[in-house]
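Remarks on the structure that follows.
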Amino acid sequence: MNNKEKFDRYAEMLRDWSTRMNLVAPSTLGDIEQRHFADSAQLADVLPVDAHVIDLGSGAGFPGIVLAILGWRVVCIESIGKKAAFLNAVREELHLDNLTVYHGRVENYISALPHDNKTVFTARAFAPLIKILDYVAKTPYPLYLLKGREIPAEIDVAHRKYKFDYKLIPSKTGDGFIIIIQKGR
0 MNNKEKFDRY
10 AEMLRDWSTR
20 MNLVAPSTLG
30 DIEQRHFADS
40 AQLADVLPVD
50 AHVIDLGSGA
60 GFPGIVLAIL
70 GWRVVCIESI
80 GKKAAFLNAV
90 REELHLDNLT
100 VYHGRVENYI
110 SALPHDNKTV
120 FTARAFAPLI
130 KILDYVAKTP
140 YPLYLLKGRE
150 IPAEIDVAHR
160 KYKFDYKLIP
170 SKTGDGFIII
180 IQKGR
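Under numbering that gives the first Met the number 0, the first residue of the sequence shown carries the number 0, and numbering increases by one thereafter.
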């Protein structure tokens, strides 16, 4: 199965499973390719090619499954059982041997995270920036986050508690941003 076939099958599964559970907003099901796949795939332009991706709060698999299809080694963390079951079904259906699904809470996974200088965190529609930084504060790994147009306000709030440098890259697919936060290694 080539990548186009994988994305086509992923879209089919997303539409099918969304009839039984809330995976994405129903209004976005008509434009999965642009709204979800292309939005997630823009991280491919900024991620290190050898990164080990940990996707926080993966939900329907954005950006984690998209990045796995594109070749990255990915761990999708999802605490909701139904969503974790969906992620596992996609992993099996698309034969994504480079994808691991962790059914549990982000803080539990991170607390047992082994040291790896290639690890990066990703997230999309997961939590406010301050909450994400709370989760990963004790790790040295960089963050590559897909955030909405309110990210400047989130940065201001986060700067009250954390010191960090960041880079904002305008989204290619909407009015949001990619925010990259490099932490000390």
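By construction, the Cβ of each residue, glycine as well, lies at the ideal position given by its N, Cα and C atoms.
Pair within 7 Å by beta-carbon distance, residue i and residue j
{"i": "VAL100", "j": "LEU86", "result": "yes"}
{"i": "LYS3", "j": "LEU93", "result": "no"}
{"i": "ILE178", "j": "LEU132", "result": "no"}
{"i": "ASN19", "j": "THR27", "result": "It should be noted that the sequence gives Arg, not Asn, for residue 19. Not closer than 7 Å, so no."}
{"i": "PHE163", "j": "GLY56", "result": "no"}
{"i": "VAL89", "j": "MET0", "result": "no"}
{"i": "ASP115", "j": "HIS158", "result": "no"}
{"i": "ASP54", "j": "CYS75", "result": "yes"}
{"i": "VAL73", "j": "LEU42", "result": "no"}
In DSSP terms, what residue i is bridged to
{"i": "LEU66", "result": "None, per the DSSP bridge assignment."}
{"i": "ARG123", "result": "LEU145"}
{"i": "VAL100", "result": "CYS75"}
{"i": "THR118", "result": "HIS51"}
Beta-carbon separation (whole angstroms), residue i vs residue j, contact threshold 8 Å
{"i": "LYS82", "j": "GLY103", "result": "Rounded, the Cβ-Cβ distance is 12 Å, inconsistent with contact."}
{"i": "PRO127", "j": "LYS182", "result": "Their Cβ separation, rounded to whole angstroms, is 18 Å, which puts PRO127 and LYS182 out of contact at 8 Å."}
{"i": "GLY173", "j": "ASP38", "result": "7 Å"}
{"i": "GLU153", "j": "ILE129", "result": "7 Å"}
Bounding residues of the beta strand (DSSP E) (the contiguous stretch that carries residue i)
{"i": "ARG8", "result": "Note, ARG8: premise wrong, no beta strand (DSSP E); alpha helix (DSSP H) at 2–17."}
{"i": "PRO25", "result": "From DSSP, PRO25 is part of no beta strand (DSSP E); its letter is neither H nor E."}
{"i": "TYR165", "result": "165–169"}
{"i": "PHE176", "result": "176–180"}
Extent of the continuous alpha helix (DSSP H) to which residue i belongs
{"i": "PHE85", "result": "80–92"}
{"i": "PRO151", "result": "150–158"}
{"i": "TYR108", "result": "105–110"}
{"i": "VAL135", "result": "128–135"}
Margin query: Three or more C-beta pairs under 8 Å: does that hold for the segment 45–64 against the segment 103–121?
Written below: Result yes; three or more Cβ-Cβ pairs closer than 8 Å.
Next item on the list: Please determine if the segment 65–81 and the segment 132–143 are in contact, where contact requires at least 3 C-beta pairs separated by less than 8 Å.
Entry: No, the segment 65–81 is not in contact with the segment 132–143.
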